[in-house]
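*Asks:* This is the structure I want to talk about, given as structure tokens.
Residue numbers (the working numbering): 1 to 398.
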């Protein structure tokens, strides 16, 4: 059985084709600059790479080129679309109704369109990807896999904000959580590495990248997470502010004479590590600037580390102790200095890492705890696409 996984962005389309008999990736790629100038499709298969530079008017045009690549005599890996058993779509938000991966039909699409107001950044491109795929692959089952699903069992006292309750009932303003597919994958992988049933474990997973979140997992169930109504809440991120005093927002709007859209843009695209450092949203460039004595770059690093430590500590309290701490995603997997800084002075919680083990190769899966640590600290590369493929496989007929 072969499963195609799609992740549609506003101007991009990522794809991976899996052979689910062994989990191998047969092909993967990226369509860039959809709807703009300078479009391209980068297609990778086996040890080969093929790039096409062409205008991509919309997601349907991009997907049509992807399908041509997959079927091509020279660069393809399948001989017929019929070999694809289903398509799994990464969808960030399932709202209040879609709490588990769902077979896509007209009703699901209509619901996703209806919750665009609470998912304005990720909703429209996901719908475009789904719509294009339903047109071009009408006979192939389409499955939506939601980032929010992992948090569907969070209790209401952890999801409801302390604002007038009517605003929740009228507008569904509550905490939803995101990156759930990644957190679900690495929590399950941690249990596998510990050789224990996940139902016996308490795990804190740290998905740290340009967008970052931390999740508390108890017996395989997410009980709390740092992101909320939007992916803006929680940690300071590449360009997102993360959690701040809410009164800062109207104050800035008045002081700078900003509209709601302008202040939203400021908090989403001009804040976080970029806003603090004035250097970059990339931790590598910030680290280089900090080493050269840049005060604001050092400040950005310290704020990020402190924020991560505070959330981990709060989740240790909520869980009443943990068995494992997991680092994943671009920063979590590859930034040894950040991992070391986060885990420093955490021995009271049983968290102690071996500094030499922590200096690991990029993309490695590794236990970096000291021999006497009560908590296992691990680096586990995430694989959201494979998790989406696994969920999609459940909807396939043999």
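Beta carbons are placed, not taken as given, at the ideal position from N, Cα and C, and that holds for glycine.
Nothing here was measured: the structure is a model prediction, and the numbers come from that model.
According to DSSP, what are the bridge partners of residue 43?
*Replies:* Its beta-bridge partners are 29, 50.
*Asks:* Restricting to runs no shorter than 3 residues, where is the beta strand (DSSP E) found entirely within the region 82-139?
*Replies:* List check, beta strand (DSSP E) in window: 84-91.
*Asks:* Taking C-beta to C-beta, are residue 77 and residue 67 nearer than 8 Å?
*Replies:* No; because the gap between Cβ atoms is not below 8 Å, this pair is not in contact.
*Asks:* Tell me which residues share the same chain as residue 30 and place their Cβ nearer than 6 Å to its Cβ, disregarding the 5 neighbours each side in the sequence.
*Replies:* So the qualifying residues of the chain are 14, 42.
*Asks:* For residue 385, count neighbouring C-beta atoms within 10 Å of its own C-beta (all shown protein chains included) and say buried if the count is 16 or more, exposed if not.
*Replies:* Under this definition residue 385 is a buried residue.
*Asks:* Along the alpha helix (DSSP H) that carries residue 311, what are the first and last residues, could you check?
*Replies:* Here the alpha helix (DSSP H) through residue 311 covers 295-319.
*Asks:* With a CB to CB cut of under 6 Å and the five nearest residues on each side skipped, what residues in its chain are close to residue 100?
*Replies:* So the qualifying residues of the chain are 149.
*Asks:* Quick one: any contact between the region 317-325 and the region 201-208, if contact means 3 or more CB pairs under 8 Å?
*Replies:* In short, these stretches touch, since the Cβ pair count reaches three.
*Asks:* Restricting to Cα atoms, I'd like to know which of 44, 83, 37, 154 is closest to residue 21.
*Replies:* The shortest Cα separation from residue 21 among 44, 83, 37, 154 belongs to 83.
*Asks:* What first and last residue would you give for the alpha helix (DSSP H) that runs through residue 13?
*Replies:* Taken as a continuous stretch (DSSP letters only), residue 13 belongs to no alpha helix (DSSP H), being part of the beta strand (DSSP E) at 13-19.
*Asks:* In the DSSP output, what is residue 207 paired with across the bridge?
*Replies:* Answer is 213, 328, bridged to residue 207.
*Asks:* According to DSSP, which residues form a beta bridge with residue 369?
*Replies:* Answer is 353, bridged to residue 369.
*Asks:* Could you give the C-beta distance for residue 51 and residue 40, rounded to a whole number, given that I count them as a contact under 8 Å?
*Replies:* About 6 Å separates the two Cβ atoms, so the contact holds.
*Asks:* Is the distance from the Cβ of residue 89 to the Cβ of residue 115 below 8 Å?
*Replies:* Cβ atoms of residue 89 and residue 115: not closer than 8 Å.
*Asks:* For residue 189, does the three-state DSSP call read helix, strand or coil?
*Replies:* Helix at residue 189.
*Asks:* State the Cα-Cα distance for the pair residue 362 and residue 121, rounded to the nearest angstrom.
*Replies:* Answer to the nearest angstrom: the Cα atoms are 30 Å apart.
*Asks:* Could you tell me the distance, in whole angstroms, from the CA atom of residue 285 to the CA atom of residue 159?
*Replies:* Cα-Cα distance, rounded: 36 Å.
*Asks:* In terms of alpha-carbon separation, which member of 3, 33, 37, 172 lies closest to residue 24?
*Replies:* Ranking the options by Cα distance to residue 24, first place goes to 3.
*Asks:* What does a CB cutoff of less than 7 Å around residue 129 pick up in its chain, not counting 5 residues either side in sequence?
*Replies:* Answer for residue 129: 6, 8, 13, 59, 89, listed in chain order.
*Asks:* In whole angstroms, give me the CA-to-CA distance for residue 228 and residue 246.
*Replies:* When rounded, the distance between both Cα atoms is 14 Å.
*Asks:* May I have the straight-line CA-CA distance separating residue 321 from residue 346, to the nearest angstrom?
*Replies:* In a straight line, the C-alpha of residue 321 is about 12 Å away from that of residue 346.
*Asks:* Is the Cβ-Cβ distance between residue 337 and residue 360 less than 8 Å?
*Replies:* Contact: no.
*Asks:* Between the region 305-317 and the region 265-284, do three or more beta carbon pairs fall short of 8 Å?
*Replies:* At 8 Å Cβ cutoff, the stretches do not touch.
*Asks:* Take residue 398 and list the residues in its own chain whose beta-carbon comes closer than 6 Å to its own, dropping the five residues that flank it on each side.
*Replies:* With a pLDDT of 48 at residue 398, under the threshold of 50, the modelled position of that residue is not reliable, and no figure is offered here.
*Asks:* I want to see whether chain C comes within less than 8 Å of residue 144, judged by CB atoms only; does it?
*Replies:* Absent from the structure: chain C. Only one protein chain is present.
*Asks:* Classify residue 45 as buried or exposed, calling it buried when 16 or more other Cβ atoms lie within 10 Å of its own Cβ.
*Replies:* Under this definition residue 45 is a buried residue.
*Asks:* On a CA-only basis, which of 226, 190, 192 is nearest residue 178? Give me that one, please.
*Replies:* Of the listed residues, the one whose Cα sits closest to residue 178 is 226.
*Asks:* What is the C-beta distance between residue 143 and residue 392, in whole angstroms, given that I count them as a contact (C-beta under 8 Å)?
*Replies:* Indeed they touch by this definition, with Cβ atoms about 4 Å apart.
*Asks:* Hey, residue 224 and residue 154 are a contact pair by Cβ (cut 8 Å); roughly how many whole angstroms apart?
*Replies:* Correct: roughly 7 Å between the Cβ atoms.
*Asks:* Am I right that residue 333 and residue 353 are in contact with their C-beta atoms under 8 Å? What's the rounded C-beta distance?
*Replies:* No, residue 333 and residue 353 are not in contact; Cβ-Cβ is about 14 Å, not under 8 Å.
*Asks:* Per DSSP, which residues does residue 143 bridge with? Please list them.
*Replies:* Paired residue(s): 88, 103.
*Asks:* So who's on the other strand from residue 8, going by DSSP bridges?
*Replies:* In DSSP, residue 8 forms a bridge with 13.
*Asks:* Would you mind sorting residue 376 into buried or exposed? The rule is 16 or more other CB atoms within 10 Å of its CB.
*Replies:* Buried.
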